[in-house]
Amino acid sequence: MASAGRNLLVLHFLALASLSIFCTDTAFSIRIPDRASNTPGELSDRSLKTAVFALGSFWRSEAVFGCLNGVVRTTAGYAGGSKINPEYRSLGDHAESVMIEYDPKEINFRQLLEFFWSSHDPRQVFGQGPDVGNQYRSIIFTNGTEEARLATMSQEREQAKSRTSFVTTQIQQLQSFYPAEPEHQKFELKRHPLLLQLIGNLPEEELEISTLAAKLNGYAAELCPQRIQKQIDAKINEIIRRGWPVLTDV
Ligand SMILES: *[C@@H]1O[C@H](CO)[C@@H](O)[C@H](O)[C@H]1NC(C)=O
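If you count by mature numbering (1 follows the signal peptide of the UniProt record, and there is no 0), then the sequence shown holds residues -29 to -1, 1 to 221, one letter each, in order.
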């Protein structure tokens, strides 16, 4: 983590230097449509599957899943409660959650479950780290009996790793998922204006559905698996070397 953090900083310095040398203001206004998420046909929405998890702050949850290959879109939101139209400051009995749209040919529910378990502490009661409260509880949302079975099996495996404390994760049939307010979407990416520039300063509605933005959101939070983190580093470095600050794909 420490060295990845340094890389990101160095990168930003280099990119800033490079941008100031090679870019005119007009370059920043070029917008590249996000082909990865908008191409019709081959990857139509019909072929995608959806999964929802709660594992603490949704800023982090969205970043955790965004970098996985096969994940096409991520959305931060509220689920697991009964309040109609929850909002950030009044989310009622909901948990902060992430909705993941994925290509089942590239990644499956079982793999998402493994990643869910390894990406948070399911034994902390109603919270993750300093984020304590009902809204940060751990939940696997399922759709149908097969997913419920896989979720239960994975939870039993997780519990079997140690009997000194309980795995607190709940397993629930998904009822409603309410997308969170725009300022909570791709939150980690938005803290890095330079990365936003590299993908052409997409307007909010494009950012929210962009596969690339989902990946970079994970990268910005340094939550991608090490290999993917390095791969994106390399890609961005290449762009900087060429002096053309538009990233269309990682
Ligand atoms: C639940 O599964 C059914 C059948 O596989 C599917 O049609 C539906 O879109 C799924 N719902 C969600 C929210 O993923």
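Virtual Cβ for every residue (Gly too), placed ideally from N, Cα, C.
Apart from the five residues on each side of it in sequence, which residues of its chain come closer than 6 Å, Cβ to Cβ, to Asp102? Gly27 and Ser28
Taking 6 Å as the cut-off, is the CB of Asn114 close to at least one heavy atom of ligand 1? Yes, the Cβ of Asn114 comes within 6 Å of a heavy atom of ligand 1.
Using 8 Å as the threshold, is the region 105 to 118 in touch with the region 134 to 150, meaning 3 or more CB pairs across them? By the Cβ rule, the region 105 to 118 counts as touching the region 134 to 150, because three or more pairs are nearer than 8 Å.
Taking the alpha carbon of Asp220 as the point to measure from, which residue in Ser68, Gly63 and Gly171 has its own alpha carbon closest? Answer by Cα proximity: Gly171.
Just the Cα atoms here: how many angstroms apart are His163 and Ala191? So the two alpha carbons sit approximately 7 Å from each other.
With distances taken between CB atoms, is the gap from Val43 to Thr182 smaller than 7 Å? yes
I need the DSSP call for Glu127, collapsed to helix, strand or coil. DSSP places Glu127 in helix when its eight states are reduced to three.
Cβ shell of Tyr71 (< 6 Å), same chain only, five flanking positions each side left out: A small fix is needed here, since residue 71 is Ile in this sequence, not Tyr. Taken in chain order, the residues that qualify are Ala22, Phe36, Val42 and Thr45.
Check whether the Cβ of Thr21 sits closer than 6 Å to any heavy atom of ligand 1, and report yes or no. yes
Determine whether the beta carbon atoms of Glu67 and Gln106 lie at a separation below 7 Å. yes
Figure out for me which residue from Ser32, Asp64, Arg60 and Leu83 has the closest Cα to the Cα of Lys20. Leu83
Val217 versus Lys186 - alpha carbon distance: 15 Å
Using the rule of at least 16 other Cβ atoms within 10 Å of the residue's Cβ for burial, across every protein chain shown, is Glu33 buried or exposed? buried
Sequence-distant residues of its chain with Cβ nearer than 7 Å to Ser(-1) (five each side left out): For Ser(-1), the predicted model reports a pLDDT of 32, less than 50, meaning its position is unreliable; a value from the coordinates is still stated below. Answer for Ser(-1): no residue qualifies.
Can you tell which of Ser90, Pro150, Leu121 and Asp16 has the C-alpha that lies nearest to the C-alpha of Ile55? Pro150
Closest by CA to Ser90, which one among Ile203, Glu193 and Arg60? Nearest C-alpha to Ser90 among Ile203, Glu193 and Arg60: Glu193.
Could you work out which residue in Tyr49, Trp88, Cys38 and Asp92 is closest to Tyr73 when comparing CA atoms only? Cys38
Comparing C-alpha positions only, which one of Thr135, Arg108, Arg128 and Leu166 sits nearest to Phe65? Inspection of the sequence shows that residue 65 is occupied by His rather than by Phe. The option with the nearest alpha carbon to His65 is Arg108.
In the DSSP assignment, the beta strand (DSSP E) including Ser90 goes from what residue to what residue? No beta strand (DSSP E) holds Ser90; DSSP gives it neither H nor E.
Just how far apart, CA to CA, sit Ser61 and His155? 14 Å
Can you give the beta carbon distance from Glu129 to Pro93, rounded, assuming they're within the 8 Å contact cut? 6 Å
Quick check on Gln202 - is its C-beta less than 7 Å from some C-beta in chain D? Any reference to chain D falls outside this structure, which holds one protein chain only.
Report all residues from its chain with a CB closer than 8 Å to the CB of Phe80; omit the five preceding and five following residues, and keep chain order. Lys20, Ala22, Glu118 and Leu121
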